[in-house]
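J.:
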Amino acid sequence: MIVYDFLYNIVFNITQSAVAGDITAMVISAALPLLFLVLPFAILAVWLERKVSAHMQDRLGPMRTGSHGWLQTIADVIKLLQKEDIVANDNDRPLFNLAPILVFSGSYLVFAALPFSSAYIGSNIDLGIIFIIAASGFVVAGILMAGWSSNNKYSLLGAMRSAAQIVSYEIPTILVILTIIMITGTTNLRTLSEMQTGYFWNWMIFGGAGLSLSKFLFIPFMIIGFVTLYISTLAEVNRTPFDIPEAESELVSGYHTEYSGMKFAMFFMAEYANMFAVSAIVSAIFFGGYQSPFGYLGNTLGLTWMVPIEQFLWFASKGIFFVLVQMWLRWTLPRLRVDQLMALCWKYLIPIAFVNLIIVGLITVL
Amino acid sequence: MKEYFQNIWYGFSTIMIGMRVTFKHLFVPAVTIQYPNVKLKLPERERNRLYVNMNDCIGCDQCARACPVSCISIETVKSIPGEDLGKTSNGKKKALWVTKFDIDIAKCCFCQLCVFPCPTECIYMTDVYEYAEFERSSLVYNYVTLTPAEIEAKKTNYAKLEAEKAAQKAAGAPPVKPAEKEENKQ
Amino acid sequence: MAIKTEEMVLNMGPQHPSTHGVLRLELILEGEIIQKVTPHIGYLHRCFEKHCEAMTYPQIIPYTDRMDYLAAMYNEFGYVIGVEKLLGIQVPERVEYIRVIMGELQRIASHLVAIGTYGADIGAMTPFLFAFRDREVILNLFEITCGARMLYNYIWVGGLSHDLHPDFVRLTREFITYFRPKIVEMNELLTTNRIFIERTANVGILPLETAINFGITGPMLRGSGFKWDLRKDDTYSVYNRFDFNIPIGEGKVGTVGDCWDRYYVRILEMGESLRLIEQALDQLPEGNVTSAIPKRIKPPVGSVYTRVENPRGELGYFIISNGTTSPFRVKVRGPSFVNLGIMDVLCKNHMVADVIAILGSVDIVLGEVDR
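Following this line, the structure appears as structure tokens:
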């Protein structure tokens, strides 16, 4: 918020126009995560993925470009930029071109409502969580579009699977989020994070702030909720063991089989941006968001300007930690079949999330 | 109901076991190497590119006959009496000029069948494995040490000898003195 | 009122990440449900059998390597036994023992590829790389012995091309101690994993009756619960001197004869092969491995059929000699080719993802299917 006000004041002082100030500040503060978060994070995450997988498999991974290959993804991006953009004759051209943009903007929209620190949140909307769920539903349309317009049977199968998967996994996600909304009474992510301030025992996973009986009763159900949410968000971003839409060994690479060059890179980047987004949501809901678990160095030293920076670092490291767990899972597990995926969702996750919701509701009433 | 929770527990615990295995491997040193910078020491019996030591080759054609893919082609010209072709390292006397000894390494299947019949052990497999070329024709290795002019000379000499022999046979005359000698190998 | 829908024809392969080479499967789909699978082969046909008619007996050995390139040692083994039978020669004891050691090492290497690629087919990449890491150790053993890593031309008619390397016995024992824990690790990582079991158990069930009718052999037949192993049931070389079990599918997590059983039989067989190698190393006699190699291989007129237990099943060679240095005809009965024939039966009414699981459990090598 500080960022927005800061920009607004600068523009307002120059132009003396509230509208101009508002628009400029909004555009710039919305573009900030794209430039300083999504792109660098995608580059970092791709490199991390390669290194993590390599070391888990007793390999070295990229080693040549830069120290331990950290420039490898940048080199890959440059390569992808140079590549020919192939559009086959039978592709549905407008949809084919639109799909990657839609997928990417869908995953980028989520970043608008993420509370990066107390000083910066792209858009501090009161319906933060609901907005994120709605925006990530956008991705489905893009994926379906990509699968359909590619005019490829494999792509179509992948897109169909993906749509079914994302739509059904939104239900347990929402159910778990609903339990949190029930406890905290807010859908604003910033308020939610502020509620978990102080030390780590104030995090939602440990029952939230306060010291009542209900706090301790919450703990097991919060853990169940966290696991359910983590699994279902994993499925929403199409990661192993739920990477069925792009199941490499069955569908070649699913809905983006026909894409090349920068369009492919957009799908790719959207995937990694999504990974961070869902990890950030999980950490914002259960692990205190941008709150430090031990208090702030800035407060101890009396340098209050340091606190938002520390908060940002905590937020990023929590997000990256959950991304690393996603990678760890990916390189350990085989993938499920499409009907088993649905069975897992409808027979296990949804009933568990529902029972969890009811129990948490009862405890709240107490 | 019991089965339901058992399923959940079973799924959860086996995933944890699997994750423990992969986590342990994060700290196991890598088994791969950075190939062009680091190279493995190859065992002494390594079978890679063929090499022919022409000093020892007697042109017996046994390797070419053993080859299952016919990647070796040898042509020889008999030496004319009086020519000294030298000896091989294991004491065999050479009697043939090898005018063509081509190995098409692109065809070679690295079976080593050509190596065993060689009486002088002049054809063998080395541990050289980096010999990619831009053109397929450069993979045909030419091992002949004679220059084309020399080859031509050997051929004409032999043809002359043959012709003389035939003429003498026709005339019934005794053989003439050997044809003019030429400097053999360098 | 039911909506009239059309079946979709999906070509899987010849370029596809998990058809194990250049197999083309023509799938007829109803949604994601398989109605019919037609394997189309021949993309890797190299006229092995016709080539043999122009080759001398020793020259055929490198060609046999290239059939089932994951089990090249065993292909040589089978062919060489056939020619030796034709010639009526006895090979020295040491040769037999080394052949068994090499054959069993090759079996482990081949099963490692089967298991690893199966993991990759199901979606787990890490077991795949672990399997290849261990296979590399075996290939190194082959490399110090004969200089080649994949296509060995090591087992010759009447003997071997080289004697064992002086370090071989020590390194092989080291490998055995290294490899036993790796099997346990593989079980932890993949075999008992719930998701893996979900994907493979009760999928592609092959009843014993059908298996026998289709002439299925090897781990596939054993996975269906029939104790049939040529090493015991039609013993050759010195296999009768060793003590080993024949693992069969028991339907531990599903039905007997499902994909998981076929996979698990391979895991168990690796352990048995380790036992065989240990025993063979203990009993390994001294001797000359090249003494019995005939100078000129010119078998008398006649024909012979030999069969050996290739890692994939019964590998048979039918060799007709007309008294010259090259055979009149060599017919190969390849296990992969025969086992592939059952794809349609196994895949019916499964999903697209199951085709991959079933194909992986059949464990074909296209080099041998097409020859």
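First to last, the protein sequences are chains S, G and P.
Going by our numbering, the first residue of the first sequence is number 33, and it counts up by one from there.
Going by our numbering, the first residue of the second sequence is number 62, and it counts up by one from there.
Going by our numbering, the first residue of the third sequence is number 11, and it counts up by one from there.
All C-beta atoms, glycine included, are put in the ideal place defined by N, C-alpha and C.
If you're wondering where the values come from, they're calculated on a predicted model, not measured in any experiment.
1. Quick one, which of G:132, G:126, G:148 and G:155 has its alpha-carbon nearest residue 139 (chain G)'s?
2. Please state if the CB of residue 97 (chain S) and the CB of residue 75 (chain S) are separated by a distance shorter than 8 Å.
3. Name, going along the chain, the residues of the stretch 76-87 of chain S whose beta-carbon falls closer than 8 Å to a beta-carbon of chain P.
4. Output yes if chain P places a C-beta closer than 8 Å to the C-beta of residue 110 (chain G); else output no.
5. Could you confirm whether any beta carbon from chain S is found closer than 8 Å to the beta carbon of residue 363 (chain P)?
6. How big is the Cα-Cα spacing for residue 176 (chain P) and residue 182 (chain P)?
7. Counting only the same chain and skipping the five closest in sequence on each side, list residues whose C-beta sits under 7 Å from that of residue 113 (chain S).
8. Output yes or no for whether 8 Å exceeds the beta carbon distance between residue 281 (chain P) and residue 193 (chain P).
9. Take every Cβ of the stretch 121-131 of chain S, pair it with every Cβ of the stretch 310-320 of chain S, and state whether three or more of those distances are shorter than 8 Å.
10. Would you mind listing the alpha helix (DSSP H) stretches within the stretch 266-346 of chain S that are 4+ residues and don't spill past its ends, in chain order?
11. Give the straight-line distance between the Cα atoms of residue 124 (chain P) and residue 287 (chain P), rounded to the nearest whole angstrom.
12. Could you check whether the stretch 198-210 of chain S touches the stretch 258-275 of chain S, counting it as contact only if at least three pairs of C-beta atoms, one from each stretch, sit closer than 8 Å?
13. Looking at the secondary structure, which residues open and close the alpha helix (DSSP H) in which residue 368 (chain P) lies?
14. Kindly list, in the order they appear in chain P, the residues whose Cβ is closer than 8 Å to that of residue 278 (chain S).
15. Starting from residue 18 (chain P), trace the beta strand (DSSP E) both ways and give me its first and last residue.
16. For residue 404 (chain S) and chain P, any beta-carbon pair shorter than 8 Å?
17. Do the stretch 131-145 of chain P and the stretch 59-71 of chain P make contact, defined as three or more Cβ pairs closer than 8 Å?
18. Could you name the residues of the stretch 282-315 of chain S whose beta carbon sits closer than 7 Å to any beta carbon of chain G, in the order they occur along the chain?
19. Counting C-beta neighbours from all protein chains within 10 Å, is the total for residue 70 (chain G) 16 or more, i.e. buried, or is it exposed?
20. Hey, would you say residue 190 (chain S) sits closer than 8 Å to residue 179 (chain S), going by beta carbons?
21. Here's the rule I'm using: 16 or more other beta-carbon atoms within 10 Å means buried, otherwise exposed. How should residue 83 (chain P) be labelled?
22. Comparing alpha-carbon positions, which option in S:289, S:347, S:364 and S:308 lies nearest residue 78 (chain G)?
23. Mind checking if residue 114 (chain P) is an interface residue toward chain G, Cβ cutoff 8 Å exclusive?
24. State yes or no: is the beta carbon of residue 82 (chain G) nearer than 8 Å to at least one beta carbon in chain P?
25. Using a Cβ cut-off of 8 Å, pull out every chain S residue sitting near residue 91 (chain G), in sequence order please.
26. Using only the alpha-carbon positions, how far apart do residue 192 (chain S) and residue 172 (chain S) sit?
27. Report the option in S:57, S:128 and S:43 whose CA atom is closest to the CA atom of residue 288 (chain S).
28. Starting from the beta carbon of residue 95 (chain G), find every residue of chain S whose beta carbon is closer than 9 Å, and list them in chain order.
29. Starting from the N-terminal side, write out each stretch of the alpha helix (DSSP H) that is 4 residues or longer and does not extend beyond the stretch 144-196 of chain P.
30. Using a C-beta cutoff of 8 Å, does residue 92 (chain P) count as contacting chain G?
31. Put residue 121 (chain S) into one of helix, strand or coil per three-state DSSP.
32. Could you give the distance in angstroms between the alpha-carbon of residue 166 (chain G) and the alpha-carbon of residue 200 (chain G)?
33. Going along the chain, which unbroken runs of the alpha helix (DSSP H) with 4 or more residues stay wholly within the stretch 46-123 of chain P?
34. Given a cut-off of 8 Å on the beta-carbon distance, is the pair residue 174 (chain S) and residue 134 (chain S) in contact?
35. What are the partner residues of residue 254 (chain S), as DSSP defines its beta bridges?
36. Among P:381, P:291, P:269 and P:345, which has the Cα closest to the Cα of residue 356 (chain P)?
T.: On the basis of the supplied data:
1. G:155
2. no
3. 85
4. Taking 8 Å as the threshold, the shortest C-beta distance from residue 110 (chain G) to chain P does not fall below it.
5. yes
6. 11 Å
7. Taking C-beta separations shorter than 7 Å and ignoring five residues to either side along the sequence, the partners of residue 113 (chain S) in its chain run 294, following chain order.
8. yes
9. Verdict: no, contact absent.
10. 280-283, 293-318 and 329-333
11. It is roughly 20 Å from the alpha-carbon of residue 124 (chain P) to the alpha-carbon of residue 287 (chain P).
12. yes
13. 362-372
14. Ordered by position in chain P, no residue passes the 8 Å Cβ test against residue 278 (chain S), which lies about 11 Å from the chain.
15. Element bounds for residue 18 (chain P): 18-22.
16. This structure cannot settle anything about residue 404 (chain S), because the visible part of chain S is limited to 33 through 398.
17. no
18. none
19. exposed
20. Taking 8 Å as the Cβ cut-off, residue 190 (chain S) and residue 179 (chain S) qualify as a contacting pair.
21. buried
22. S:364
23. no
24. yes
25. 86, 87, 90, 91 and 92
26. 10 Å
27. S:128
28. What residue 95 (chain G) touches in chain S: 92, 95 and 96.
29. Secondary structure within the stretch 144-196 of chain P: the alpha helix (DSSP H) runs of 4 or more consecutive residues, fully enclosed, are 178-196 (chain order).
30. no
31. coil
32. 6 Å
33. 58-62, 67-75 and 82-97
34. Using a Cβ distance threshold of 8 Å, residue 174 (chain S) and residue 134 (chain S) count as a contacting pair.
35. Its beta-bridge partners do not exist; DSSP assigns none.
36. Measuring from the Cα of residue 356 (chain P), the nearest candidate turns out to be P:269.
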